[in-house]
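Protein sequences appear in the order of chains A and B. Under this note's numbering, the first sequence has 165 at position 165, and the numbering climbs by one with no breaks. Under this note's numbering, the second sequence has 466 at position 10, and the numbering climbs by one with no breaks. See below for the structure under consideration.
Number of protein chains: 2
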Amino acid sequence: MTNVDRAVHHVRAGRDTIQRELKDLAAIPSVSTLPYHSGDMRRAAEYLAGALRTMGMHAVDIKPTAGHPVVYGEWLDAPGKPTVLVYGHYDVQPVDPLHEWQSPPFEPSVRGENMYGRGVSDMKGQVIAVLAALAATLQHGGGLSCNVKLLIEGEEEIGSPNLAPFLREHKDLLACDFSLNCDAGILGPDLPALVYGLRGLAYFELEVRGSEHDLHSGQFGGSIHNPAQVLCELVAGMHDADGRVTLPGFYTRVRPLTADERADLARAPHDDAVHLREAGNPPGHYGEKGYTTIERIGARPTLEVNGLLSGFTGEGSKTVLPCRAMAKISTRLVPDQDPLEVEAQLRDYLKQKAPPTVRWGLKVFAQTPGVLTPRDTPGSRAASRALESVFGIAPVFRREGGSVAVVSQIKDILDVDSVIMGFGLPDDNLHAPNEKLHLPTFYRGIETYIHFFANL
Amino acid sequence: MTNVDRAVHHVRAGRDTIQRELKDLAAIPSVSTLPYHSGDMRRAAEYLAGALRTMGMHAVDIKPTAGHPVVYGEWLDAPGKPTVLVYGHYDVQPVDPLHEWQSPPFEPSVRGENMYGRGVSDMKGQVIAVLAALAATLQHGGGLSCNVKLLIEGEEEIGSPNLAPFLREHKDLLACDFSLNCDAGILGPDLPALVYGLRGLAYFELEVRGSEHDLHSGQFGGSIHNPAQVLCELVAGMHDADGRVTLPGFYTRVRPLTADERADLARAPHDDAVHLREAGNPPGHYGEKGYTTIERIGARPTLEVNGLLSGFTGEGSKTVLPCRAMAKISTRLVPDQDPLEVEAQLRDYLKQKAPPTVRWGLKVFAQTPGVLTPRDTPGSRAASRALESVFGIAPVFRREGGSVAVVSQIKDILDVDSVIMGFGLPDDNLHAPNEKLHLPTFYRGIETYIHFFANL
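The structure is reproduced here in C-alpha cells:
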C-alpha cells in the first residue's frame with residue numbers, strides 16, 4: 001500500500017466525520033456583504049483556524065485586514081520541494097429569496113446524493129475537501145512531499161477588496177512557487193476539468209432620481225419624468241439587437257478568440273439542451289450573436305442586471321410615482337478589458353443617454369480584471385494527472401464565466417500563476433436558493449487533492 | 457345671526473375638538489391593501505359609525521361587503537327637499553418608504569399650519585370636515601335644509617372592487633338626487649376649485665420569468681435572457697420619443713380636447729415652476745408632446761411605472777442572474793377609454809414585444825373608467841356659491857389627474873351625477889411620505905360644506 005493509498009483509505013473510512021465538519025462550517029452564516037453577520041464571519045474564521053491547528057499546520061493565525069480577516073496556516077517541512085499557496089474563502093453569498101429554499105440555508109441537510117445549504121459548494125465544500133486531503137496526507141499518508149501555505153479569506157463574495165493590500169503586506173510570508181485555487185468546478189460528475197481562464201467583474205449600482213419624495217401618480221403622472229421609466233430606458237439601451245453590450249468602447253480591448261482556441265472550446269463536452277436544464281429551464285437561449293454558448297459564458301464579456309428596485313413592490317396596488325429607481329448592474333470581463341475603463345465607459349453611456357429631466361448616481365462595488373493562466377506548468381501537470389487518476393479520464397481545459405479576483409492579484413503581487421481546480425458542478429445553484437454539493441464528487445475531489453499534493 | 461352664521465361660529469369655537477377627532481381617526485392604520493391591517497379597517501369603520509350616531513344621524517350601520525365594510529348613516533327629516541348622497545372613504549394608502557417620514561405616519565402631529573400623517577388629506581381630513589359641517593348644522597344651525605345619506609367605504613385606495621355590487625344591492629336605500637364626493641382638492645389655499653373631470657385607472661402587475669430559480673451571473677450570464685433586462689426593454693418601449701404611450705390603440709377612444717375646453721383649462725391659474733416645486737423639485741418637466749402641463753395631468757391619458765422589483769436589492773453586491781422581474785404599471789384614462797380595452801392593448805403589446813426567451817404574466821388590480829360630470833346642475837351651483845362665500849372668489853372648474861371609481865359607478869348604477877368638492881392641496885404629498893393637511897384650508901372646507909348644505 002502506497003502512502004497515497006493509505007491517505008485515500010483513511011478518507012474513505014472517515015467520510016462521516018468529514019461530512020460533519022462541512023456541516024458545522026456551513027451552518028455558520030458567514031455572509032460577507034451583510035454587516036450584521038460580522039460576528040458570524042469571525043466564528044467561521046475561528047472554526048477554520050481550529051481545524052488547521054488540529055490537523056498539524058503551523059503558524060496558524062487569524063490575520064486582520066481592513067475588512068474581514070484572513071485565516072493563515074503553513075507546513076514547510078519538505079525542504080527543497082516546491083511550495084504551494086492554497087487559496088480559499090470562507091464567506092458566502094446572501095440567501096434571499098429565502099422563501100425559495102426547500103430547507104433552511106444555514107442548516108445543511110443531505111437529501112439523496114446532495115448536501116443542501118448556502119456555501120456548501122461555493123466554497124466551504126471545496127475548502128473542507130482540500131483540508132481533508134492535507135490532513136489525511138499529513139496524518140496517514142506519510143506526510144506531505146511539498147510545502148503548503150494556506151490562505152483562506154473572508155471577502156471573495158464582495159470582490160476581495162482587502163486582499164491585494166494583504167498580499168502586499170505579507171509578500172514574504174506568502175512567497176511560493178505557484179498557487180492552488182480551489183474556488184472552481186468541473187463539468188459533470190464524470191467530466192473532470194481544469195480552468196485556465198476566468199472572467200473579471202465590475203459591479204455597479206445605478207440610481208436614477210427625480211423628485212425629492214414619492215408622488216401621487218394621478219396628480220403628477222404624465223407631467224414629470226418617472227425615474228423608474230428612465231431607469232428601464234437606460235438599462236434597455238445597454239444591449240443592442242444582437243445581444244452586444246453598447247457601452248462605448250466596451251469591446252475595444254477584448255482579446256479576440258483565436259481559431260485554435262475556438263476549436264479547443266468546441267471540443268469541450270457541452271450540450272445546449274443540458275445547459276438550459278442546468279439553467280433552470282428558461283424557454284430558450286440568448287446571447288451575443290456569432291458565438292457559441294461556451295464562448296459566450298467563458299470567453300466573451302457580458303453585462304447583466306442583478307437587481308431592480310423602485311416604488312411600491314408589495315402586494316396589491318399603490319398609485320405612486322416613485323422618486324427614485326435603482327439597478328444593480330455587473331459586467332463580466334475578459335482579457336484585456338480593464339474594469340476601471342469599463343466604469344468610465346458606463347459613465348460615458350449614462351452621460352450620453354440619461355435625459356436632463358432626472359439625476360443619476362453610480363456606486364462601484366467590485367473591479368476585478370479577467371485572467372488567463374498558462375496550461376503547461378508543473379502544478380498544472382500535477383493537477384491534470386491527479387484528475388486522470390481519480391476520474392479515469394484526462395481533464396478538459398476550460399474558460400469559466402465566473403470571476404476570482406485573487407488569481408490576477410496573486411499573479412500581479414506574488415508573481416506566480418494559479419492552478420484552478422475545484423469540484424463544484426454546473427447545477428450546484430451557486431449564489432441561488434437551494435445551493436447544493438454533490439457528495440460523491442466532493443469525495444472524489446478530496447482524493448484528487450491527495451494525488452495532486454503527492455504528484456508534486 | 458343666521459343659522460349658517462351660528463353653525464360657522466360653533467365650528468370656529470370647536471376647532472380643537474374637531475382637530476382631535478381627526479387625529480383619533482388618522483391614528484388608525486386603515487391600509488386597505490395590506491391584509492394584516494384588517495382589524496384596523498374594522499376599528500376605523502367603528503370609529504366613524506360612533507361619530508355618526510353621536511351627531512344625530514339615523515340608521516347608522518356598518519354594512520358588510522365581500523371586502524372591507526361600508527359605513528352608512530342618514531338624516532331624512534327634510535321632506536320635499538333634495539337628497540344628497542355624501543361619499544367618502546376611510547381607507548388609506550400604504551406608508552412605505554417608512555424611513556422618509558419625518559414623524560410616524562400613524563401618530564398625526566401638527567407642525568406649523570399643517571397636520572402630518574397618512575390619510576390626513578386623502579381623505580380622513582375631508583371626511584371629518586364634512587361630518588363637522590353636518591354636525592354643526594344639525595346641532596347649532598337649525599337642522600339641515602336637505603336630506604343627507606352618508607356612504608363611507610373602505611376600499612377606495614384599492615380601486616373600490618366591492619362598491620359596485622354594494623350600490624346595486626342597496627340601490628333603493630341609496631336613492632338620491634345627486635352625490636357629493638369629498639375626495640378632491642382645490643388648487644391653492646386661495647384658489648377654490650370644483651372638479652368636473654376625473655381620470656380612470658387601470659393598474660397592472662407585469663411579471664417576466666426566465667429560469668425556475670436565480671442563477672450565478674458568471675456561470676449563466678450572457679447565455680440566457682435576463683428577465684430584468686427584458687422587463688426593462690418592455691417598459692422602455694411603452695413610451696415613444698414624444699412621450700406618447702405605445703400600447704396599440706391606446707389613443708383611439710380618447711375624446712379630443714375641444715378648443716373651448718383648452719381655452720378654459722388655460723385660464724386656470726397654473727405656474728409650471730410652482731408645479732415643479734410641488735412635485736418635489738425634479739430637474740425638469742416631461743410629458744406628451746403638444747400638450748400643456750394642465751392638459752397632460754387632467755385631460756390626457758398616461759402610463760406610469762409604480763414599482764420595480766427583481767433580484768438582489770440589498771446593500772452591496774450579489775452576482776445573481778434573477779429568475780424573475782416585476783413591474784407595477786398603471787394607466788390613467790380619460791373619457792372615452794375603456795379600462796378593459798386598455799388591458800387588452802397591454803396584452804397585445806406584450807404578445808408583440810416579449811421575446812420567446814422568457815415567459816410573462818399579467819395581474820390586474822383596478823379598472824375604473826374616466827368621467828366628466830355636467831358643470832351646471834343645482835348641486836354644482838350650490839357648491840360654487842359656497843366656495844365663493846368662504847374664499848371670496850369664484851371657483852375654477854378643472855379636470856383632475858386622479859381617479860375616483862365611485863363617480864362613474866354612482867352614475868351607472870344610481871343614475872345621478874356627482875359634485876366633486878374637497879379641500880386637499882396640490883402639495884399635500886398624497887400617497888407619499890409626509891402626507892399633510894393644511895389646517896386653515898381644512899377649516900375653510902368645513903365652512904364651505906356648511907354653506908353648501910344650506911344653499912340646497
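Yeah, the Cβ is synthetic: ideal placement off N, Cα and C, and Gly gets one too.
Rounded to whole angstroms, the gap between the alpha carbons of Q801 (chain B) and L687 (chain B) is 17 Å.
The beta carbon of L912 (chain B) sits no closer than 8 Å to any beta carbon of chain A.
Judged by their CB atoms, Y652 (chain B) and R803 (chain B) are not nearer to each other than the 8 Å cut-off. Annotated as distal: I413 (chain A) and A735 (chain B), with beta-carbon spacing of 8 Å or more. Of the residues A:H58, A:F204, A:D190, the one whose Cα lies closest to the Cα of S389 (chain A) is A:D190.
For Q549 (chain B), the C-beta contacts it makes with chain A under 7 Å involve K318, in order along the chain.
Bounds of any beta strand (DSSP E) do not take in R709 (chain B), whose DSSP letter is neither H nor E. For the set B:S773, B:P825, B:F562, the Cα lying nearest the Cα of H493 (chain B) is the one of B:F562. The bridge partners DSSP lists for N306 (chain A) come to none. Between C182 (chain A) and M123 (chain A), the CB-CB gap stays under 8 Å. If you ignore the 5 residues before and after L215 (chain A), its C-beta comes within less than 6 Å of the C-beta of L321, all in its own chain and listed in chain order. By the CB criterion at 8 Å, R711 (chain B) and E744 (chain B) fall outside the cutoff. As summarised for the segment 603-672 of chain B, the continuous alpha helix (DSSP H) elements at least 4 residues long and confined to that stretch are 619-625, given in chain order. DSSP places L490 (chain B) outside any beta strand (DSSP E), giving it a letter other than H or E.
At a cut-off of 8 Å between C-beta atoms, V305 (chain A) counts as an interface residue with respect to chain B. Judged by their CB atoms, G67 (chain A) and P192 (chain A) are not nearer to each other than the 8 Å cut-off. Cα atoms of G14 (chain A) and R296 (chain A): separation of roughly 41 Å, rounded to the nearest angstrom. Approximately 5 Å separates the beta-carbon atoms of V11 (chain A) and A136 (chain A); this is inside 8 Å, confirming the contact. Runs of the beta strand (DSSP E) spanning 3 or more residues and lying entirely within the segment 398-426 of chain A occur at 418-420, in chain order.
Shown here, R244 (chain A) sits in coil according to DSSP, grouped into three states, outside any helix or strand.
Cβ neighbours of M1 (chain A) within its own chain (closer than 8 Å, five residues either side excluded): H9. Excluding residues up to 5 positions away in sequence, Q865, I869 lie with their Cβ nearer than 7 Å to the Cβ of A620 (chain B) in the same chain.
Interface flag for T813 (chain B) against chain A is set, since a Cβ pair is found closer than 8 Å. At the C-beta level, A386 (chain A) and H285 (chain A) stay beyond 8 Å of one another. Between the alpha carbons of L22 (chain A) and F178 (chain A) lies a gap of roughly 27 Å. Within the model, the alpha-carbon separation for Q793 (chain B) versus Q595 (chain B) is close to 45 Å. Proximity of Y36 (chain A) to chain B, defined by a Cβ-Cβ separation below 8 Å, is not satisfied. In this structure I446 (chain A) is in contact with A129 (chain A), their Cβ atoms being roughly 5 Å apart against a cut-off of 8 Å.
Within chain B, the residues whose beta carbon sits less than 8 Å from that of H431 (chain A) are D670, L671, H672, S673, K774, T775, V776, listed in sequence order.
Counting along the chain, the unbroken alpha helix (DSSP H) around F442 (chain A) starts and ends at 439-455. Burial check for P35 (chain A): the Cβ neighbour count within 10 Å stays below 16, so the residue is exposed. Rounded to whole angstroms, the separation of the alpha carbons of T510 (chain B) and Q229 (chain A) is 49 Å. By the CB criterion at 8 Å, L198 (chain A) and E46 (chain A) fall outside the cutoff. DSSP, reduced to helix, strand and coil, places R118 (chain A) outside both helices and strands of the structure shown, so it counts as coil.
Under the DSSP definition of a beta bridge, R567 (chain B) partners with B:N570. Sequence-distant Cβ neighbours of R118 (chain A) in its own chain, meaning closer than 6 Å and more than five residues away, are V92, V95, P105, E435.
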